Amino acid sequence: MRAPLAVLSTAALLALTGCEIYPAPPSGDPGAATGNATLDDLTVARAASMRGYSRDHFPHWRDTGDNCDIRDSVLTRDGQKVRHRGCNVTGGTFYSVYDGKTVYKPADVDIDHMVPLANAWRSGAAKWTEAKRGEFANDLDTPQLVVATQATNRSKGDQDPSQWKPPRRESWCSYARDWIAVKAHWKLTVTTAEKMALADMLETCAS
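For the sequence shown, the residue numbers in the numbering used here are 334 to 540.
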């Protein structure tokens, strides 16, 4: 099971073949109590209106130089035996924790926003500046960007954990922790149903 991603200092940034690449976070399982404590700190509120929403308000897949972008950074960070042409990812082995499937072609991999952009809009991001929304959409310091199969990413859409859970039950614990970590870092709200679903998912964490 993939452990929840720890917040990385920007000083940990590495440069690889001209692209900005962030090292993989340390592994470890702090236990369900940690997740519950963070969950309790989140503000519960009704989902706000989608009025005015557009993905264009979240500038994403930021250019990192040499015709590469954040997607290449995530594939390099999370893949195995990754091959590059310059800093563009051309091959490797990519594991989708949501459904336990392995993908070998970068073109067949989606990079999922753990907290979808539309969900963020409903839970506080509508009030942000566009610059801040861009930081959120390209966030490599929290578990916000995740390798996923196209099927699971598109099945998830903009749904929260009360509406969609990864088909692989073994990933529920890490998924809930990561969702909570992102929402806590960005001070986004959760609905009552969302909080209850997260609590249920945390129950699957090993004691």
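Beta carbons: idealized from backbone N, C-alpha and C, even for Gly.
These numbers were taken from a predicted model, which means no experiment stands behind them.
Residue span of the alpha helix (DSSP H) that contains Ala409, given as start and end: In the sequence under discussion, the amino acid at residue 409 is Thr, which differs from the Ala named in the question. Here the alpha helix (DSSP H) through Thr409 covers Ile403 to Asp411.
Anticipated Cβ contact below 8 Å, Asp441 with Gln483, distance rounded: Indeed they touch by this definition, with Cβ atoms about 7 Å apart.
Beta-carbon gap between Met383 and Trp461 smaller than 8 Å: Their beta carbons are not under 8 Å apart, which means Met383 does not touch Trp461 by this criterion.
DSSP-derived helix/strand/coil call for Lys414: Here Lys414 sits in strand by DSSP.
Straight-line gap, Tyr508 to Asp396 (C-alpha atoms, nearest Å): If I take the Cα positions, the gap works out to 27 Å.
Extent of the continuous beta strand (DSSP E) to which Phe469 belongs: Phe469 -> not in any beta strand (DSSP E); alpha helix (DSSP H) instead, spanning Glu463 to Ala470.
Cβ shell of Ala530 (< 6 Å), same chain only, five flanking positions each side left out: If we look at Ala530 and ignore the five residues flanking it on each side, its Cβ neighbours are Pro494 and Ser495.
C-beta contact flag for Val480 and Val407 at 8 Å: Val480 is a Cβ neighbour of Val407, given a cutoff of 8 Å.
Three or more C-beta pairs below 8 Å linking the region 385 to 392 and the region 445 to 454: Segment contact: the region 385 to 392 against the region 445 to 454, three or more CB-CB distances shorter than 8 Å; contact assigned.
Candidates Trp505, Gly457 and Ile403: closest to Asp291 by CA position: Shown here, the chain extends from 334 to 540; a query on residue 291 therefore has no answer.
Residues bridged to Lys434 [DSSP beta-bridge criterion]: The partner list for Lys434 (beta bridge, DSSP) reads Ser429.
Segment contact flag, the region 461 to 471 with the region 495 to 506, C-beta cutoff 8 Å, min 3 pairs: Segments in contact, no.
Range of the contiguous alpha helix (DSSP H) that encloses Thr485: For Thr485, the enclosing alpha helix (DSSP H) begins and ends at Gln483 to Lys489.
Environment of Val415 [buried if 16+ CB atoms lie within 10 Å]: Answer is buried; the Cβ neighbour count reaches 16.
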